[in-house]
Structure formats: C-alpha cells, structure tokens
Amino acid sequence: MSPATRSSTCRRPDTMTRETATLHPRSRAITSTGVAALCLMATGLYMAATAPDEETQGEAARLLFVHVPSAITAYIALGAGLVTAVWYLIRRSPAADLVSAAAIEVGVLFTAITLLTGMIWGRFVWGVWWDWGDARMVSTAVLFFFYLGYLALRRSISDPRVRAVRCAVLGIVGFVQVPIVHYSVLWFRTLHQGPSIIRPDLANSTMDAAFVAPLGAALAAFIAILAYLVAVRVRLARLEAAVDRAASTSQPVGASVGPPSGLSV
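With numbering that gives the first Met the number 0 applied, the sequence shown covers 0 to 264.
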C-alpha cells in the first residue's frame, strides 16, 4: 500500500467529523429559513392567542389566523408553480421543473389546510361542516383535487422529459382555478364572507383593526414555511434524481470481471 493510500484510508476520525459537519452554503440558507419560520410561527401564535374575541364569531374567529394565511400561501405556491412551469417550457430547464413540482406539492398541502380549517370554522359559525351551495368551498375543493391529479400524473410517468412537459402544461392550466376560487365570493352571493385581504376595495375592509397585526404575523410565518418546505423538497428531488441516475448507470456486481489474461473460456 502506498503512503498516499495509507494516509487517505487512515484519516483521523476527528478530521472526517469536521469535514462532514461543514454545511454547504445552500444547506445553511435552508436551515436559516427554517429557524426564521419557527420564530415567526411562534410570534404569530402568541399574537393570535392574545388577540381579542371577535364580536359575532367569538373564539371561532381565531381559526382565521390559520385559514386566511394558508389560503394566501396556497395562492403564492401555486403561482410559483405556474411561473416556473412557463419557464420550463421556454428554457427546458430541469431546475425549473423541480421547483415547479415542489411549489405545487406544497401548495396542495396549504390548500388542504385551507379546506380543513374552513370546514371547522363553518361548523362553529354556520352550523354545518360542508355546504355544497357555497361557491368558495366547492371551487376550493375542485382546485385541491385538480392538483392532486397533477401529483398523480408526476408519479405515473417515468420519462423525466415527458413528465416535465405534461406536468408543466397541467400546472399552467390548473392555475386558472385560483382566481375563480378567490373571486367566487364576489361573483356568487353564498354563505362565505367576502375576501379579508385581497379585495378590490381594500380601503373599505371590515376587518377589525386588532386582527391586522396578528394576521400579518401569521401570513409572514406561513410564507417563510412555504419557502422552507419548497427548498427542502427541491433538494430532496435532486437527491432522488441523482440516485436514479446512479442506479441506471451502475453495472451488476461482477459484470466487469473477466478471465485472467492469457486464459480463454
């Protein structure tokens, strides 16, 4: 064994520990985003817990500190999926496909949270878990199941390029449902109240002033969580792609072993 080989195989454990403990700058950024999200979430929870009760809804109004930010965050995530899907179709960038898939996947999660908290809020305020006559609830459910179909399509196609193109088109088409969900309460007069934040007449909003700061803190926390989850999901997708490439190019054990020189079989 050569000295170079001995030095490489007999490295001190503490040296290896120091090398493996050094985080890549991208990993540090993801970790910092996660810490910031936790801090913002703690702040938002405290402000929501200490906010005064709403006059007509009482304690049930506190669900809005989760329901409204989750809905807006879902819009942002699906919008990011739309933009990166368009970018993929223009540039055929694999990174754009990964970001689009990650953003839409996290957007589906926040849409599910929106549906769940909306159902719980409706049970306390309206007296029912679900109302098929409410335009907002039904349109949100359509949005949720459409993007579930998007996720199912990604898993059903093995060819990366075909999968990326088809899912990019589907992600673009699906985003049409987002403005329908948001403006459904303005187009149809049903049980659901009007928009709390994103509305044409924001100056005439009926939101209690005491709810503005807690809602803003909760929204900031949800957006930070969105950024963290998308970053983690993209990194995981890259690792999965690297493993798949390694598995597709690897040879079976012993495949490259031939007979000794000078011998024939």
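Note that beta-carbon positions come from the ideal geometry of N, C-alpha and C, so glycine has one too. These numbers come from a predicted model, not from an experiment.
Rounded to a whole number of angstroms, what is the C-alpha to C-alpha distance between residue i and residue j?
i	j	result
A212	F64	10 Å
L185	H191	10 Å
D96	V85	9 Å
M46	I119	21 Å
A79	H181	17 Å
T296	A151	One cannot answer for residue 296 here, as it falls past the ends of the chain, which runs 0 to 264.
I222	G126	31 Å
A73	G170	14 Å
A266	G148	Residue 266 is absent from the model: the chain starts at 0 and stops at 264.
E239	S92	17 Å
V141	T189	17 Å
F143	I75	14 Å
V175	T83	15 Å
A48	R244	49 Å
A94	E53	45 Å
V67	T55	18 Å
T116	E58	14 Å
L88	V242	25 Å
D158	V124	48 Å
I71	L218	8 Å
P81	R153	According to the sequence as given, residue 81 is Leu; it is not Pro. Between L81 and R153, the C-alpha separation is close to 15 Å.
I179	R25	37 Å
I156	F109	25 Å
F210	V34	25 Å
Is residue j closer than 7 Å to residue i when the C-beta atoms are compared?
i	j	result
V105	L225	yes
W128	R122	yes
A230	I29	yes
V113	S69	It is Thr, not Val, that sits at residue 113 in the sequence shown. Yes, the pair counts as a contact, with Cβ atoms nearer than the cut-off.
Y227	A50	no
Among residues of its own chain, excluding the 5 on either side of residue i, which ones have a beta-carbon nearer than 6 Å to its beta-carbon?
i	result
F187	A134
A220	L39, M40 and G43
V107	Y146
A246	none
Once the 5 residues before and after residue i are set aside, which same chain residues still bring their CB inside 7 Å of it?
i	result
S183	A134, R135 and S138
Could you give the C-beta distance for residue i and residue j, rounded to a whole number, given that I count them as a contact under 8 Å?
i	j	result
A208	T42	About 19 Å; that fails the 8 Å criterion.
V172	L77	No, V172 and L77 are not in contact; Cβ-Cβ is about 12 Å, not under 8 Å.
When every heavy atom of the ligand MG is checked, does at least one fall within less than 6 Å of the C-beta of residue i?
i	result
M136	With respect to the ligand MG, the structure shown offers nothing to examine, as it has no ligands at all.
Inset, instruction - Decide yes or no for the touch test of the region 90-109 against the region 144-163: beta carbon pairs closer than 8 Å, at least 3 of them. - result: The region 90-109 vs the region 144-163: in contact.
Legend entry - Contact between the region 51-62 and the region 229-242 (3+ Cβ pairs under 8 Å): Contact fails between the region 51-62 and the region 229-242, because fewer than three Cβ pairs, one in each stretch, are under 8 Å apart.
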